[in-house]
Amino acid sequence: MKIHWAKGLGFGILLVLAGGLFAWNFFLSHPPRAKTAAQRAVAEIFAPIYREPRWDHVRTIGLQPKFTGCETVDEHHYKTALVPMAGPKLSLRERGGDLQALFADEAMIRRLFNHEVTSEKSAHTLIKIEHVQALLLGQCVEQKLFLKLVTTAHGDIVATVEIALGDAAEAEQRAAEQARVKEEEERLTRIRVKAQEAEQRAAEQARVKEEEERLTRIRVKAQEAEQRAEQARVKEEEERLARIRVKAQEAEQRAAEQARVKEEEERLIRIRVKAQEAEQRAEQAREHAKDAAKIALGDAAKLANPSVQFNLGVMYDKGQGVTKDAKEAVKWFRKSAEQGYAQAQHNLGVMYDKGEGVTKDAKEAVKWFRKSAEQGHAQAQHNLGVMYDKGQGVTKDAKEAVKWFRKSAEQGHAQAQHNLGVMYNNGEGVTKDAKEAVKWYRKAAEQGHARAQNNLGVMYNNGEGVTKDAKEAVKWYRKAAEQGQAEAQNDLGVMYDKGEGVTKDAKEAVKWYRKAAEQGHARAQNNLGVMYNNGEGVTKDAKEAVKWYRKAAEQGQAEAQHNLGFMYDKGEGVTKDAKEAVKWYRKAAEQGQAKAQHNLGVMYNNGEGVTKDAKEAVKWFRKSAEQGEAKAQHNLGVMYNNGEGVTKDAKEAVKWFRKSAEQGEAEAQNNLGFMYDNGEGVTKDAKEAVKWLRKAAEQGHANAQAFLGQSYDVGYGVTKDAKEAVKWYRKSAEQGQAEAQNNLGVMYDKGQGVTKDAKEAVKWYRKAAEQGDARAQFNLGDKYDKGEGVTKDAKEAVKWYRKAAEQGLTEASTRLKRLRFNVVGHENEGK
Numbered sequence: 000m001k002i003h004w005a006k007g008l009g010f011g012i013l014l015v016l017a018g019g020l021f022a023w024n025f026f027l028s029h030p031p032r033a034k035t036a037a038q039r040a041v042a043e044i045f046a047p048i049y050r051e052p053r054w055d056h057v058r059t060i061g062l063q064p065k066f067t068g069c070e071t072v073d074e075h076h077y078k079t080a081l082v083p084m085a086g087p088k089l090s091l092r093e094r095g096g097d098l099q100a101l102f103a104d105e106a107m108i109r110r111l112f113n114h115e116v117t118s119e120k121s122a123h124t125l126i127k128i129e130h131v132q133a134l135l136l137g138q139c140v141e142q143k144l145f146l147k148l149v150t151t152a153h154g155d156i157v158a159t160v161e162i163a164l165g166d167a168a169e170a171e172q173r174a175a176e177q178a179r180v181k182e183e184e185e186r187l188t189r190i191r192v193k194a195q196e197a198e199q200r201a202a203e204q205a206r207v208k209e210e211e212e213r214l215t216r217i218r219v220k221a222q223e224a225e226q227r228a229e230q231a232r233v234k235e236e237e238e239r240l241a242r243i244r245v246k247a248q249e250a251e252q253r254a255a256e257q258a259r260v261k262e263e264e265e266r267l268i269r270i271r272v273k274a275q276e277a278e279q280r281a282e283q284a285r286e287h288a289k290d291a292a293k294i295a296l297g298d299a300a301k302l303a304n305p306s307v308q309f310n311l312g313v314m315y316d317k318g319q320g321v322t323k324d325a326k327e328a329v330k331w332f333r334k335s336a337e338q339g340y341a342q343a344q345h346n347l348g349v350m351y352d353k354g355e356g357v358t359k360d361a362k363e364a365v366k367w368f369r370k371s372a373e374q375g376h377a378q379a380q381h382n383l384g385v386m387y388d389k390g391q392g393v394t395k396d397a398k399e400a401v402k403w404f405r406k407s408a409e410q411g412h413a414q415a416q417h418n419l420g421v422m423y424n425n426g427e428g429v430t431k432d433a434k435e436a437v438k439w440y441r442k443a444a445e446q447g448h449a450r451a452q453n454n455l456g457v458m459y460n461n462g463e464g465v466t467k468d469a470k471e472a473v474k475w476y477r478k479a480a481e482q483g484q485a486e487a488q489n490d491l492g493v494m495y496d497k498g499e500g501v502t503k504d505a506k507e508a509v510k511w512y513r514k515a516a517e518q519g520h521a522r523a524q525n526n527l528g529v530m531y532n533n534g535e536g537v538t539k540d541a542k543e544a545v546k547w548y549r550k551a552a553e554q555g556q557a558e559a560q561h562n563l564g565f566m567y568d569k570g571e572g573v574t575k576d577a578k579e580a581v582k583w584y585r586k587a588a589e590q591g592q593a594k595a596q597h598n599l600g601v602m603y604n605n606g607e608g609v610t611k612d613a614k615e616a617v618k619w620f621r622k623s624a625e626q627g628e629a630k631a632q633h634n635l636g637v638m639y640n641n642g643e644g645v646t647k648d649a650k651e652a653v654k655w656f657r658k659s660a661e662q663g664e665a666e667a668q669n670n671l672g673f674m675y676d677n678g679e680g681v682t683k684d685a686k687e688a689v690k691w692l693r694k695a696a697e698q699g700h701a702n703a704q705a706f707l708g709q710s711y712d713v714g715y716g717v718t719k720d721a722k723e724a725v726k727w728y729r730k731s732a733e734q735g736q737a738e739a740q741n742n743l744g745v746m747y748d749k750g751q752g753v754t755k756d757a758k759e760a761v762k763w764y765r766k767a768a769e770q771g772d773a774r775a776q777f778n779l780g781d782k783y784d785k786g787e788g789v790t791k792d793a794k795e796a797v798k799w800y801r802k803a804a805e806q807g808l809t810e811a812s813t814r815l816k817r818l819r820f821n822v823v824g825h826e827n828e829g830k
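In numbering that gives the first Met the number 0, the protein residues as written are 0 to 830.
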C-alpha cells in the first residue's frame, strides 16, 4: 500500500512538471494575442522574432549588438549584468530615436510620434529601456531566456504605444480617473489644510501653555531674585552695621587712645614735677656730697672707713661733687680694696681692665676681680668668668669661665645667665646641652636682656632645646629688636621675609633689615641689598643693592662679597668688570663661600678676569662641590668627562654627575642619562638612561625631552608609544631644539601619534632647517620636491637639498643631482 502510494505521488509530480514545461515553452513560442491597434502594430514587428528567435531577426528591426564576443548568459548574469545596464526612465519624446529603430513601418512611426495626444500626462509618460537594452547582449543568449526578455520588452513597448496612440474611451476613462484623482487630491488637500489648521491650533495651544509655563518660571525666578535681593540687602545692612560697629570700635579706640594720651600727658607732667623735685634733691645731694667730700677729705684718713673711701672713689670716677679724676678714683678704690671692700676691689679691677687712671693691666684686673668674686660679688664673678673665657690676664679656660658664670648667674646676674647659656649652647667648658642653654637664656631674657631674648628666639626658631615654634621665636626676636638689638632686628626681618611665625611681608622685612643695617650689622646689610636687587618690599634698584652689598662686603661678610662679585660679573648696578668680580669672588671663596668658589671656578674655566686655567677651575669647582654645591658638582663632572684640568675619567665624571643629579640639577641629570646611554663610566643601561633623562625632561631640559621623545618613538628603555613620543618632541621643539623639531615634523609627516598633516610637518621641518639641521633641510627639500604641504617648487627643493648636502648628507647630494637634471630637462623641453 505504502509503496503504491509513493509511486503514484512521484508519477503525479512528473506529470505536473511536464505540463508546466509545456505551458512555459508554449507561452515563450507564441506572442500575446493582439487585441488593440497598438498591440497589432507591435505584433507585426515582433512576429519574426517569435517564429524564429535568432539574432539575425533582431538585426532586421535596427538593433545593433553591444558586445562582439560570445558570453554565456544565465539568470545570475541577467540580474548582475543586464539590470545595471538599464539607464534612467526616459520620456517617449526623449527616446524617440530608439523607438524608430524598433519599427520598420514608417507610417507606424508617423502615427506613433505625430499622433495628437489628448491627455496632458501622456506626453510625459515614461517607458522602461532596460528590456530593449537587454536585447543588445548578442546571439549567445539561450533561446528560452532570450524569448523571455523579448516577451517582456514586447509588453512594455505595447503599453507605451497604447499610451501614445490613445483610445478615446481609454482617454475618457483616464480623464475621468484623472478628474477623480484630482478631486481626491483636492479633498486630500482640504483635509491637509484642516489638519494643518488643527496642528496650528494645537501648536498655538502648546505655545500658549509653554508661554504660561515660561511666565510661571519667570515669576519663580523673579521671586527668587527678590529673595536674593532681600538677602543681599540684609547682608549689605549687616555689613553696614558691621562697619558702623568697626567705626564705633575705632572711635572707642581713638577715645581710649586720646584718654591714654591725656593720661600720658598728665603722667609726663607728674614726671616733670618729680624731675624738678629730683633735681632739687640732687642739688641738695650735691651740696651734701661736697660737705661729705670735705668731711671725707678731713676724716677718712683718720677713720680709714673703706665704705667712705669707696664712695669717695665713685665720686671722683663719676665727677659727682668733685672734678672727675680717674687717678683719684683709683687711689680711693685701692685704699678701700686693700681693706677687703668687695665693691672697691671690683671697681679697681675694672679700672685696670679699661686702663682708666692706671696703665691697662689684665693680670691686675684679674687679681682684683678674683678678690671681689671670692667674696661673692656677682658682677666681679661675671667679669672673672669673661677673663677666663677670653684668656685675658689668665690662661684661657672654659671650665673656669663656666664656674664663675654659674656663681654669678645663680645670684640672678642677667649677663652671666646669658653667658652661661652660650657656654651650654656651644658645649664650651660643659657638655653641650641645648635644654640647659634655653633655661639660662630664658632667665636672662625674662629680665629683659636683649641678647638673651634674641638667642632664645633662635632656639625656638631652630627647635633646639625646645619644640620648634616660629611664633615664639618671633615673640622673642621682637622683644630684643624693640630694644635696638641689631642681631634680633635682622632675625625678625628674616622671619617677615620668609613668612615664618608671621604673615609674609616684604616691607616689614625691609624695615627691620634697614634698622639693623644702619647699625652696621653686616648680614642685615647684605639682606637689604638682596631686597633692593630683587625689588622685594622696595622698588628694584641695582645701585642701591650694590651700595649695601659693598658695606657688608667691606666688613668681610662672605655672602655679600659673593653678591658684589656677581653684580660686577653681570654689570648690574655697576659697570661690568670681570677683574673686580674675580676679586670679590676670591674674597668670599677664601672664606669657604660655596657659590663664590663655584663662580671663581667658572671665571678660571672661561678665562674671564683671569688667565684661563683649567686646573684652577677644577680646584675651585672641587672646593665648592665638596660643600654640596650642585652646579659645582656638575661642572667638576664635566671637567672629568672632557679631561680638562684633570686626567679624563668617566667614572669620576659619573660620580659627580650623580651627586649633582640627586640634588635635582637638570643638566647633571641629562648628562648622567647620556653616560648610561653610552655606557661610559657605568654599564650601558637603557632604562637607567631613560630614568635620569626623564627627571631632566620634567624640569624642562630641552635635550632630555628630545631624547625621551626618541626613546618612546623607537621603544628604547620604555614601551614604544607614538603619542608619548609626540608629547616630548613637542615640549622640546617648542623650546627651539632643532632635532626635536625635525622629529616632530616626521611624526606629522607619517601620521604617527598625531593625525597625518603635511602642512604641520613642513612647519616643524622649516623651524629645524632654519637652525641648520641637515636632516630637516633634506626633509623640507623633499616636501617642496613632491609638493606635499607646500606648493611644488623645484627651486626651493634644490635650495634645501643643497644646504643639507653641504653638511655632508649623502642622500641630499643624490636628490640634488636628480632634481638638477630634471629641472634642466624641463627647460630644454620649453625651448
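For each residue, glycine too, the CB sits at the ideal point set by N, CA and C.
Ranked by how close their Cα comes to the Cα of Gly-752, the residues Lys-726, Asn-741, Ser-731 and Gln-734 have Lys-726 in first place. DSSP places Tyr-715 outside both helix and strand once states are collapsed to three, so it counts as coil. For Gly-564, the enclosing alpha helix (DSSP H) starts and ends at 557–569. Put simply, the backbone Cα of Asn-425 is about 10 Å away from that of Leu-419. Glu-507 is a Cβ neighbour of Gly-536, given a cutoff of 9 Å.
In this structure, the beta-carbon distance from Gln-452 to Gln-484 falls below 9 Å. Annotated as proximal: Gly-384 and Glu-399, with beta-carbon spacing under 9 Å. Here Ser-407 is actually not in contact with Ala-397; their C-beta atoms are around 16 Å apart, not less than 8 Å. Within the same chain, and ignoring the five residues on either side of Asp-792 in sequence, the residues whose Cβ sits closer than 7 Å to its Cβ are Tyr-783. Taking 9 Å as the cut-off, the beta carbon of Asn-454 is found no closer than this to the beta carbon of His-412. Setting aside the 5 residues that flank it on each side, Val-581 is surrounded in the same chain by Gly-564, Leu-599, Met-602, Glu-607, Gly-608 and Val-609, each with a C-beta closer than 8 Å to its C-beta; the list follows chain order. Judged by DSSP in its simplified three-state form, His-520 adopts coil rather than helix or strand.
Around the C-beta of Leu-743, 16 or more other C-beta atoms lie within 10 Å, and the residue is accordingly described as buried. For His-633, the enclosing alpha helix (DSSP H) stretches over residues 629–641.
Only residues of its own chain outside the window of five on either side were considered, and among them Ala-364 have a CB closer than 6 Å to the CB of Asp-352, listed in chain order. Classified as buried, Leu-707 has 16 or more neighbouring CB atoms from the shown chains inside 10 Å of its CB. In chain order, Ser-407, Gln-410 and His-412 place their CB closer than 6 Å to the CB of Ala-377, counting only its own chain and leaving out the 5 sequence neighbours on each side. When DSSP assignments are scanned along the region 758–797, the uninterrupted stretches of alpha helix (DSSP H) that are 4 or more residues long and fall wholly within it turn out to be 773–785. Gln-195 and Lys-181 have their C-alpha atoms roughly 20 Å apart. Close CB contacts of Gln-338 within its chain, under the 8 Å cut and outside five residues either way in sequence, are with Ala-303, Pro-305 and Gln-308 (chain order).
With a contact defined as Cβ atoms closer than 8 Å, Ala-703 and Gly-680 miss out at about 18 Å. Residue state for Tyr-315 is assigned as helix, using DSSP reduced to three classes. For Glu-687, the closest C-alpha among the options Glu-697, Gly-699, Met-674 and Gln-698 is that of Met-674. The three-state secondary structure of Val-653, taken from DSSP, is helix.
Where Tyr-351 is concerned, the enclosing alpha helix (DSSP H) starts and stops at 341–353. His-381 has its alpha-carbon roughly 23 Å from the corresponding atom of Lys-334. Annotation: the continuous alpha helix (DSSP H) that includes Glu-615 extends over 613–624. For His-417, the uninterrupted alpha helix (DSSP H) segment begins and ends at 413–425. Arg-186 and Glu-225 have their C-alpha atoms some 57 Å from each other. Ala-803 and Ala-773 do touch by the CB rule: their CB atoms are close to 5 Å apart, below 8 Å.
Residues of the same chain with a CB within less than 6 Å of the CB of Met-566, apart from the 5 flanking positions on each side, are Val-545, Gly-572 and Val-573 in chain order. Counted as a single uninterrupted DSSP element, the stretch harbouring His-376 is not any alpha helix (DSSP H), since DSSP gives it neither H nor E. Residues Gln-596, Leu-599 and Gly-600 of the same chain have their beta carbon placed closer than 6 Å to that of Trp-619, with the five preceding and five following residues left out of the count. Here Glu-723 carries a helix assignment [DSSP, helix/strand/coil]. With a contact defined as Cβ atoms closer than 8 Å, Asn-741 and Ala-695 miss out at about 21 Å.
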